[in-house]
Each structure stands twice: as structure tokens, then as C-alpha cells.
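*Asks:* For the sequence shown, this note's numbering begins at 104 and goes up steadily by one.
Virtual Cβ for every residue (Gly too), placed ideally from N, Cα, C.
What follows is a structure written as C-alpha cells; I'll ask about it next.
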Amino acid sequence: MTVCWNQLKKMSQATKANIARTITNSSHIAITIHLRPDGDAIYTSLALAAMLDLLGKKVQVVSHDPLPYPFYEFPETARIKIGKIEPEGLDLVILLECADIPRSGQTKIGPLPKINIDHHYSNSPFGDINWIDPSASAVGEMAYELIEPLGISLTSEIATYLYSAIFSDTGSFQFSNTSSQTFYVCHKLVEAGASPNAVAEKLLNNNSPSKIQLLGRILSTLKLNEAGNIAIITMLGKDREEFGLKEVDIEDATTLVRSIKGVEMVIFFKEISPGEFRISLRSKGQANSALVAERFGGGGHVNAAGFTVYGELEELYNRIPAEVERILNEQVRQQS
Ligand SMILES: [Mn+2]
Numbered sequence: 104m105t106v107c108w109n110q111l112k113k114m115s116q117a118t119k120a121n122i123a124r125t126i127t128n129s130s131h132i133a134i135t136i137h138l139r140p141d142g143d144a145i146y147t148s149l150a151l152a153a154m155l156d157l158l159g160k161k162v163q164v165v166s167h168d169p170l171p172y173p174f175y176e177f178p179e180t181a182r183i184k185i186g187k188i189e190p191e192g193l194d195l196v197i198l199l200e201c202a203d204i205p206r207s208g209q210t211k212i213g214p215l216p217k218i219n220i221d222h223h224y225s226n227s228p229f230g231d232i233n234w235i236d237p238s239a240s241a242v243g244e245m246a247y248e249l250i251e252p253l254g255i256s257l258t259s260e261i262a263t264y265l266y267s268a269i270f271s272d273t274g275s276f277q278f279s280n281t282s283s284q285t286f287y288v289c290h291k292l293v294e295a296g297a298s299p300n301a302v303a304e305k306l307l308n309n310n311s312p313s314k315i316q317l318l319g320r321i322l323s324t325l326k327l328n329e330a331g332n333i334a335i336i337t338m339l340g341k342d343r344e345e346f347g348l349k350e351v352d353i354e355d356a357t358t359l360v361r362s363i364k365g366v367e368m369v370i371f372f373k374e375i376s377p378g379e380f381r382i383s384l385r386s387k388g389q390a391n392s393a394l395v396a397e398r399f400g401g402g403g404h405v406n407a408a409g410f411t412v413y414g415e416l417e418e419l420y421n422r423i424p425a426e427v428e429r430i431l432n433e434q435v436r437q438q439s
């Protein structure tokens, strides 16, 4: 990996120049993000849109899925149109952290030129230009690097959006993806006017009472395996509805549970619809969430990954944690 690092760096320089050139040569540009968008995707799309505004481009930001709480309450996110991109009159689409086109939920962009920017190694290079950098903590960290090739200067608005994206995806600089490059970029962003305190207040201390009540309900489902290294929590659809929450970012639940001494992996069952569960994995230490999720047809990062399962909760509840435990034990054997 270290051997080809310089080569990769050169390649990424050329890719960034190519992206900048393609953007410069386009006039009507759509930016889109992945299904169930997160803070990184949302704020990077807003940053990129503001960057393209400075270049005088006609820009639309489109998310197929509605934004989760609390993002939809923030005035700046009103710029994000929910639904489908209409391809008429467009000459470029930029997709942020979409492993493939279906992951964007967009069905009409087939014939348009595409730029694919992602920091997940599971990305299939579907774009006309593909810039994939798994060493980046967030796609926001990557978007910062387009400022120079685009020949624009960082405004405090753009800096705040990019900082918010990175702050979200690093779990407030706690996750293992946080690197010296992350702090280098954030140093530049804070210099340009991003306020760490204001972003933290906004993204962390903006919970609704009902979300905290739901959190209590979820935490009360906590179970541990015998070894005490796997914790399981569940969010039922009926609980979410009882508190009037549709799309809710409840990652705090996994953060709290992961803080239990000895817990290496959290399995979070989220009921999406009857018989359909989205499972989030969060791990620390040597446990690799991505490798576990891949075995169930999902994907993600080393410390945060997910997949979807179908069936009765009770059956899944008996089967999934046991399988996860088996896979984790395999990982440990391979490492030793
Ligand atoms: Mn991300």
C-alpha cells in the first residue's frame, strides 16, 4: 500500500484536475447523494453547490430520500430538492458517496455524464470520472481538495458545510477514520470561518424530547452475549411511530452502547417495515464491521457498516448475533 502511495496521489491529482475541467466546461449541473442520506452527504452536497455557485453554474441539489431529523429543520437544507433529477437541460451529474447508480435512487440520469466521488472502497466505478479515496474520513474531506483546482476561494459558508460533513462522518473526530489529513483540512476550514463550537452545538445539541424518549426505549432493549463483547439493541417501528418520528438519526444509541466496557460490536436492529430490518453494526478495537456486513450482503467501514435482513424478529434475534459472533471469532483466529 505504501509502495504505490505516491502513484495514487499523482492519479488523484490528475482526477481532481479532470473533475475541475469537466465542471468548468459544464453549465447545468445536478448534485445528488445516496439513499437515507447522512450528514456527510447532505453537507458536502451543499458545499459543492455553493462552490459551483461561485463559478456561476446553474446548480440543483437533489436527494431521492427525505433528509433525516434534525437536518430537514436547518434552513440551509431547504436547497435540497427531494425526489428525482429531471435530465432535460442538464449536462453533468455529480454523485456523492453512491456505490453505484441505484444507491442514488435516481433512475433518469443514465445518459448524462457522471462524476462519481466517494470515500468507500466498495464503490463500483460507474462514472465517466471516478474519484474514490478510502483514506478520506468523509466525502467532505475530499470536496475540500476541489477548491484549489476549481480556482475558487473558500468562503465561511463553504467551510462550515465541509466542517459539518467531516464532523458528522468522524463521529465528532472519534472514529478510526479520523486522520492527520482530517485535522489538516479542518484547520483550513476553521481558519476560513467554520466554528467548531457552533457546528457541535447544532449537530449534537439539537435533539427533540421525543428522540431522547425513543432513545430510552431503545436502550431498554439492550442485551449482551455471554462473552460480553457483542451488544444488541432494537428499535421497533411502533416505538418510532409512538413518538411521532419517521426518519430519525438515532446513532447516539449505538454510541452509548459501544461505550460499554468490553463491548467490541453493537448490533442495532431497526425495523423498517413489518419483517424488514436494517441492521447497523458499530465496532471498536479489532472487530471489523465491514467484513461482517459483507457476509450479509451489506457493506461500510471498519467501524461502521450495515445490511438489511428479512424475517421475524425473534428468529433474526436468535440467528444474527450468533452468526456475527462466529464471524468475529473467525476474524480473531485469522489475526492471531
Ligand atoms: Mn461519508
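Quick check on the contact list: which residues have their beta carbon closer than 7 Å to a heavy atom of ligand 1?
*Replies:* In chain order, the qualifying residues are Asp141, Asp143, Ala144, Glu200, His222, Ala241, Val242 and Asp272.
*Asks:* Is it buried or exposed, glutamine 438, if we count other Cβ atoms within 10 angstroms and call 16 or more buried?
*Replies:* Exposed is the call here.
*Asks:* So who's on the other strand from aspartate 221, going by DSSP bridges?
*Replies:* In DSSP, aspartate 221 forms a bridge with Ile235.
*Asks:* Cβ of serine 383 within 8 Å of Cβ of threonine 357?
*Replies:* Yes, these two residues count as a Cβ contact at 8 Å.
*Asks:* Using a Cβ-Cβ cutoff of less than 8 Å, which residues in the same chain neighbour tryptophan 234 once the five nearest sequence positions on both sides are dropped?
*Replies:* Once the five neighbours on either side are set aside, the close Cβ partners of tryptophan 234 are Ser115, Thr118, Lys119, Ile122, Ile218, Asn219, Ile220, Asp221 and Met245.
*Asks:* Just curious, the alpha helix (DSSP H) that glutamine 290 is in, first and last residue?
*Replies:* According to the sequence as given, residue 290 is histidine; it is not glutamine. That run of the alpha helix (DSSP H) goes 283 to 294.
*Asks:* Using the Cβ count rule (16 or more neighbours within 10 Å means buried), how would you classify glycine 400?
*Replies:* Its Cβ having fewer than 16 others within 10 Å, glycine 400 is exposed.
*Asks:* Alpha helix (DSSP H) containing serine 383: first to last residue?
*Replies:* Here serine 383 belongs to no alpha helix (DSSP H); instead the beta strand (DSSP E) covers 379 to 386.
*Asks:* Terminal residues of the continuous beta strand (DSSP E) containing lysine 373?
*Replies:* Lysine 373 -> beta strand (DSSP E) spans 368 to 376.
*Asks:* Given this structure, state the Cα-to-Cα distance separating leucine 195 from alanine 334, to the nearest angstrom.
*Replies:* Looking at the two C-alpha atoms, the distance is approximately 44 Å.
*Asks:* If contacts are defined as beta-carbon pairs under 8 Å, then leucine 306 and serine 267 qualify, I think. What distance do you get, rounded to the angstrom?
*Replies:* That pair is a contact at about 6 Å.
*Asks:* Please state the DSSP three-state secondary structure of alanine 390.
*Replies:* Three-state result, alanine 390: coil.
*Asks:* Could you give the first and the last residue of the continuous beta strand (DSSP E) run that contains phenylalanine 270?
*Replies:* Where phenylalanine 270 is concerned, there is no enclosing beta strand (DSSP E), although the alpha helix (DSSP H) it sits in stretches over 259 to 272.
*Asks:* So within the segment 151 to 184, which uninterrupted alpha helix (DSSP H) runs reach at least 4 residues, ignoring any that extend past its ends?
*Replies:* As far as the segment 151 to 184 is concerned, it has no whole alpha helix (DSSP H) run of at least 4 residues.
*Asks:* Does lysine 314 pass the burial test, meaning 16 or more other C-beta atoms within 10 Å, or should it be called exposed?
*Replies:* So lysine 314 ends up on the buried side.
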